[in-house]
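According to our numbering, the sequence shown holds residues 5 to 465 in order. Heads up: the structure comes next, in structure tokens.
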Amino acid sequence: MKNFLAFLLLELFTVYHALGLSHEGSGAIYPNSNNEVVHEETYYTPEVDYTYPQWCQTFKLHNGHIKCSSPRGGNHRNTLGTRCSVSCERGYKLLGQSSVHCMGSRRWSGTAFCRIVRCHVLPYIQHGTYSCSRGFLVHSRCDYSCVQGYQIEGDRYRVCQEGRSWSGAEPTCADHDPPKLKCPLSRVKVAEPGKLTATVSWERPTATDTADTSLQILRNGPESGSEFSEGQYVIRYKVYDQARNMATCKFTVHVEVKRCPVLKPPLHGFLSCSSDNNNYGAVCEYHCDPGYERSGITTRVCLLNRSWSDQAAECTMMEIKTDVRSAGALLDQFYEKRRLLIVSTPSPSDQYFKLQNIMLQRAACGLDLRHVTVIELIGIPPQEVGRIKEQQLEPEVIEGLRQALQITSSYFNMVLLDELGVDRERFINPTTSDELYTYIEEYLLTEEERERLQLNRDLCD
Ligand SMILES: *[C@@H]1O[C@H](CO)[C@@H](O)[C@H](O)[C@H]1NC(C)=O
């Protein structure tokens with residue numbers, strides 16, 4: 005209540021004084037001097053005391069400077085009428101009056117305080133950061149830096165200026181470092197055994213980038229694990245980072261088919277080979293013509309070092325047993341294997357026989373190629389000789405042949421039997437090898453035999 009009253013009086017005084025109604029030299033009012041309520045106005049007119057040193061409260065100002073001059077002079081700072089000019093320290097901005105005076109109301113004519121000067125909060129930049137010496141306060145310097153892999157572009161720092169604005173412009177962090185890409189090593193692969201291709205696999209290349217962690221790698225060429233045929237392949241990889249910096253790498257895959265020299269078929273035989281005939285892993289099997297027997301290994305394999313396993317097999321004329329006792333037993337040996345040309349003459353001095361003999365000797369290889377064996381029956385019983393090359397036949401066999409095939413001993417004649425022993429053609433005149441060959445090829449050889457004869461024709465040259 006007392007305080008309220010004092011306040012009321014003070015206000016009253018302020019109004020009075022403002023109207024210029026105050027009187028110099030009148031007494032001071034002491035808010036707590038008298039609590040009695042009185043009605044005489046003059047008694048309550050506040051007295052203004054220019055001498056009272058603590059008329060106004062001390063003007064407080066943080067972070068600023070006050071310079072006062074008092075009518076009383078000297079060190080008086082709070083006497084009535086004291087005027088103070090106010091200023092702020094660097095980095096602070098004055099809010100309020102720059103000049104105040106101590107009024108009759110025991111108040112200062114205005115307020116003032118120093119507010120710290122701040123710039124606006126600096127926004128963060130992509131892929132970067134900054135650190136400031138004094139936050140966002142004036143004169144604070146903020147240094148920018150970029151995260152690894154990025155380089156700063158623009159101002160490296162900004163300073164908060166007095167005018168509350170930042171110096172310079174916001175920098176950016178840019179990625180100029182291309183990513184790194186490492187391809188697998190180039191490689192040579194040998195086609196798999198028995199194949200003309202190879203399956204080639206490799207590790208996906210690894211890409212690293214100072215800025216990006218997830219990089220997309222693009223491939224140009226076959227993918228790992230593909231089956232490659234013989235040849236050379238270039239596989240390229242490419243990677244981009246987010247800033248479109250690019251890196252490339254490449255390596256080669258060379259698929260080689262190892263090959264052995266082409267195998268020669270055996271004389272009187274042929275080969276059947278798997279795969280591509282002479283590539284690594286190919287298997288060749290030796291076969292002999294009818295009437296020939298294989299001596300040696302059946303199959304050979306093309307090895308990785310380009311050589312064939314084992315030795316070539318040979319086809320040798322089958323053994324003819326001439327000590328058999330019947331024509332049937334002799335003929336059985338040729339059944340389904342050889343054709344027979346049986347030459348019969350009454351005498352070794354027979355002109356036809358002599359002529360034919362010369363021609364047959366020359367044709368021996370050609371007849372052999374056509375699977376023909378020659379049997380000679382020479383003379384008239386009992387001076388009769390039968391032979392296959394050097395091998396002599398038994399008289400019973402000669403007789404048996406003559407009877408079974410109705411071969412006369414009275415004049416020169418020849419009988420051609422097919423491989424089933426069937427009598428196919430007879431000649432009573434000497435016949436050239438060409439004629440014989442033509443007939444055999446046309447009527448006695450199978451399709452397959454004709455083809456192989458075609459391949460081996462030059463063997464008799
Ligand atoms: C190839 O390899 C086989 C078996 O490994 C060997 O017996 C043969 O001598 C080699 N041939 C060559 C020409 O090196």
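No residue lacks a Cβ here, since even glycine has one placed at the ideal position from N, Cα and C.
query, result
"Report, in whole angstroms, the separation of the C-beta atoms of cysteine 187 and arginine 162, which I expect to be a contact under 8 Å.", "Not quite, the Cβ-Cβ distance comes to about 44 Å (not below 8 Å), so this is no contact."
"In terms of residue numbering, what span does the beta strand (DSSP E) encompassing isoleucine 129 cover?", "No beta strand (DSSP E) holds isoleucine 129; DSSP gives it neither H nor E."
"Buried or exposed: arginine 168, going by 16 or more other Cβ atoms within 10 Å of its Cβ?", "exposed"
"Quick one: which unbroken beta strand (DSSP E) runs of 3-plus residues sit fully inside the stretch 362-422? Chain order, please.", "376-384, 387-392 and 417-421"
"Hey, how far is the Cα of glutamate 403 from the Cα of isoleucine 382?", "12 Å"
"Any contact between the stretch 439-450 and the stretch 244-260? By contact I mean 3 or more CB pairs, one from each, below 8 Å.", "no"
"I believe isoleucine 156 touches cysteine 164 by the beta-carbon criterion, under 8 Å. Please report the beta-carbon distance rounded to the nearest angstrom.", "Not quite, the Cβ-Cβ distance comes to about 19 Å (not below 8 Å), so this is no contact."
"Are the stretch 325-338 and the stretch 279-290 touching by the rule of at least three beta carbon pairs closer than 8 Å?", "no"
"Pairs of beta-carbons, one from the stretch 269-279 and one from the stretch 228-238, closer than 8 Å: are there three or more?", "no"
"Over what stretch of residues does the alpha helix (DSSP H) that includes leucine 185 continue unbroken?", "Taken as a continuous stretch (DSSP letters only), leucine 185 belongs to no alpha helix (DSSP H), being part of the beta strand (DSSP E) at 184-186."
"CB glutamate 1 to CB arginine 343, shorter than 8 Å?", "The chain is shown only over 5 to 465; residue 1 falls outside these bounds and no answer can be derived."
"Taking C-alpha atoms, which residue in Ser103, Thr377 and Phe431 lies nearest to phenylalanine 63?", "Ser103"
"Is asparagine 309 near ligand 1, judged by its Cβ being under 7 Å from some heavy atom?", "yes"
"When the Cβ atoms of the stretch 308-319 are set against those of the stretch 382-391, are three or more pairs found closer than 8 Å?", "no"
"Quick one: grab the DSSP three-state call for valine 97.", "Sequence inspection shows lysine at residue 97; the valine mentioned does not correspond to that position. Note: lysine 97 maps to strand in three-state DSSP."
"Does DSSP put leucine 14 in a helix, in a strand, or in coil?", "The predicted position of leucine 14 is uncertain, since its pLDDT is 40 and thus under 50; no value can be drawn from it."
"Buried or exposed: which applies to alanine 3, given that a residue is buried once 16 or more other Cβ atoms fall within 10 Å of its Cβ?", "Since the first and last residues shown for the chain are 5 and 465, residue 3 lies out of range."
"Using the rule of at least 16 other Cβ atoms within 10 Å of the residue's Cβ for burial, across every protein chain shown, is aspartate 336 buried or exposed?", "exposed"
"Take glycine 425 as the anchor and find which of Glu451, Phe431 and Thr377 has the nearest alpha-carbon.", "Thr377"
"Using CA atoms only, rank isn't needed, just tell me which of His105, Glu429, Glu398 and Ala211 is closest to isoleucine 411.", "Glu429"
"How many Å lie between histidine 291 and aspartate 427 at the Cα?", "28 Å"
"Return the CA-CA distance between glycine 68 and glutamine 101, expressed in angstroms with no decimal places.", "13 Å"
"Could you give the distance in angstroms between the alpha-carbon of serine 414 and the alpha-carbon of glutamine 355?", "14 Å"
"With DSSP as the reference, please indicate the residues paired to isoleucine 221 in a beta bridge.", "Val243"
"Below 8 Å between beta carbons: does that hold for isoleucine 129 and threonine 176?", "yes"
"For tyrosine 237, which of Asn224, Asp53, Asp245 and Gly108 has the nearest alpha-carbon?", "Asn224"
"Would you call the CB atoms of tyrosine 296 and threonine 320 closer than 8 Å?", "yes"
"Please report how far the alpha carbon of glutamate 445 lies from the alpha carbon of arginine 374, in whole angstroms.", "8 Å"
"With 16 as the cutoff for other CB atoms within 10 Å, does arginine 406 come out buried or exposed?", "buried"
"Just mark tyrosine 339 as buried or exposed, buried being the case when its beta carbon has 16 or more other beta carbons within 10 Å.", "exposed"
"I need the straight-line Cα distance from histidine 66 to tryptophan 170, nearest angstrom please.", "26 Å"
"Mapping DSSP to helix, strand and coil, what is serine 91?", "strand"
"Excluding sequence positions up to five away, which residues of its chain have a Cβ less than 7 Å from the Cβ of proline 269?", "Leu275"
"Hey, would you say leucine 98 sits closer than 8 Å to cysteine 92, going by beta carbons?", "yes"
"Identify which residue in Ser89, Ser144 and Val125 has its Cα closest to the Cα of phenylalanine 117.", "Ser89"
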